[in-house]
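Undergrad: Basically the numbering used here = 1-based index in the sequence shown + 6.
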Amino acid sequence: MSIAKYIKEIGRGKQGARSLPREHAADLFGQVLDGAVTDLEIGGFCLAMRIKGETAQEMAGFLDATQLRLKQVPAASRPVIVIPSYNGARKLPALTPLLALLLAREGLPVLLHGVASESTRVFTSGVLEALGIPAQTAIGAVPEGVVRFVPTAILCPGLQRLLDVRRAVGLRNPAHSLVKIMNPCAGKSLVLSSYTHPEYALSMAATFELTLANAMLLRGTEGESVADPRRMPKMDGFLNGQRVLLQEAQSGALSTLPDLPKEIDAITTARYIRDVLDGTSATPAPIAQQVAHILTMVARL
7 MSIAKYIKEI GRGKQGARSL PREHAADLFG QVLDGAVTDL EIGGFCLAMR IKGETAQEMA
67 GFLDATQLRL KQVPAASRPV IVIPSYNGAR KLPALTPLLA LLLAREGLPV LLHGVASEST
127 RVFTSGVLEA LGIPAQTAIG AVPEGVVRFV PTAILCPGLQ RLLDVRRAVG LRNPAHSLVK
187 IMNPCAGKSL VLSSYTHPEY ALSMAATFEL TLANAMLLRG TEGESVADPR RMPKMDGFLN
247 GQRVLLQEAQ SGALSTLPDL PKEIDAITTA RYIRDVLDGT SATPAPIAQQ VAHILTMVAR
307 L
């Protein structure tokens, strides 16, 4: 098979490119994930989509194809909180594990998925390892009150291969957006998603609405789905695709700053997270508020 006919549509440049309907996008992405096309076609697809940008219909189609190929996590007795973690930390401590553990302390099953994609950042997987939470080597149910981390390659090898294309061409592709909104769980769940640029806030929200998703969407902290510990971000919720404003963004100058560690390595970050969990250090207010909003949403699922 070939995806040349689809590349012809999406690859006509920024002004001439035409978007694909959902079913065509699903067919295209399915072939890519299955490795049924050449490396040249995959490169053409990635570059064409990078120039054109993804529509909600296309992202929904990509999700449809991915869902058929994901190794699904079994349903739990309570909704599973799904946290994608792909960006890591450059300037601030990687506090996605803190968010996950605070949610687990409330009795929720928490599933993190991701991959360490760069050598210059501190990733969630490393902080979790320092906290005594190793990456899973197989898919299994997530018990209540437990945090599990599953590498992307275990969930979907084809998706991992597509993420790796960035190393060759130096540019993101639709897989980098898709992993932040996909849901690998078979039962009730809530996806915590984030964006880095305003245009992605619009496209991701439209995709959640179109796919009737249960999700939280906020401006990412260095691309991660945890609230910025220094300033309250805007948070939107989606329940069966219906959007609701959960939290207005904090404006104006900051009056106080949380006492964050100066170093951001995995061991120092893990030590800080333990201090927050045992009460030695205060939970940053934005993260505490994010936890409260998530609990409210879970109660409505």
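For each residue, glycine too, the CB sits at the ideal point set by N, CA and C.
#1: Could you say which of L307, L301, R306 lies nearest to G113 if we only look at CA atoms?
#2: Going residue by residue through the stretch 230-274, where are the continuous alpha helix (DSSP H) segments of at least 4 residues, counting only ones entirely within it?
#3: Identify the residues that DSSP records as bridge partners of A141: which are they?
#4: For P313 versus L161, is the C-beta distance shorter than 8 Å?
#5: With DSSP as the reference, please indicate the residues paired to A221 in a beta bridge.
#6: If contact is defined by three or more beta carbon pairs under 8 Å, each pair taking one atom from either stretch, is the stretch 163-171 in contact with the stretch 130-142?
#7: How would you call T102, buried or exposed, if buried means at least 16 neighbouring beta carbons within 10 angstroms?
#8: Could you check what DSSP says for S91 in three-state terms: helix, strand or coil?
#9: What are the partner residues of T227, as DSSP defines its beta bridges?
#10: Mind checking whether A106 and V116 have CB atoms under 8 Å apart?
#11: Return the chain-ordered list of same chain residues with a C-beta closer than 8 Å to the C-beta of G49, the five sequence neighbours on each side being excluded.
#12: Using the Cα positions of M55 and G17, report the straight-line distance between them to the nearest angstrom.
#13: Pairing CB atoms from the stretch 207-218 with CB atoms from the stretch 53-68, are three or more of them under 8 Å?
#14: Please classify Q273: is it buried, with 16 or more other beta-carbons within 10 angstroms of its beta-carbon, or exposed?
#15: Rounded to whole angstroms, what is the Cα-Cα separation between G193 and G285?
#16: Between A255, I270, A219, which has its C-alpha nearest L245's C-alpha?
#17: With distance defined between alpha-carbon atoms, name the residue in T213, M238, A233, N179 nearest to A255.
#18: Closest to A100 by CA distance: which of L76, L108, S131, D70 is it?
#19: For V116, which of helix, strand or coil comes out of DSSP?
#20: Three-state secondary structure (DSSP) at C162?
#21: Three Cβ pairs or more, each shorter than 8 Å: is that satisfied between the stretch 144-153 and the stretch 66-82?
#22: Suppose the cutoff is 7 Å on Cβ atoms and the five residues either side in sequence are ignored; what does the same chain contact list for A110 look like?
#23: Are the beta-carbon atoms of F129 and G94 separated by less than 8 Å?
#24: For I160, is the beta carbon positioned less than 7 Å from some heavy atom of the ligand COA?
#25: Which residue comes first and which comes last in the alpha helix (DSSP H) that contains A291?
TA: If we stick to the structure as given:
#1: L301
#2: none
#3: F155
#4: Missing from the structure shown is residue 313; the chain here goes from 7 to 307 and no further.
#5: V197, F244
#6: no
#7: buried
#8: strand
#9: E230
#10: yes
#11: V171, A174, V175
#12: 7 Å
#13: yes
#14: Here residue 273 turns out to be Ile, not Gln, going by the sequence shown. Classification of I273: exposed, given that the 10 Å Cβ count is below 16.
#15: 33 Å
#16: A219
#17: M238
#18: S131
#19: strand
#20: coil
#21: yes
#22: V116, G151, V152, V153
#23: yes
#24: Of ligands this structure carries none, so the ligand COA is not represented either.
#25: 291-305
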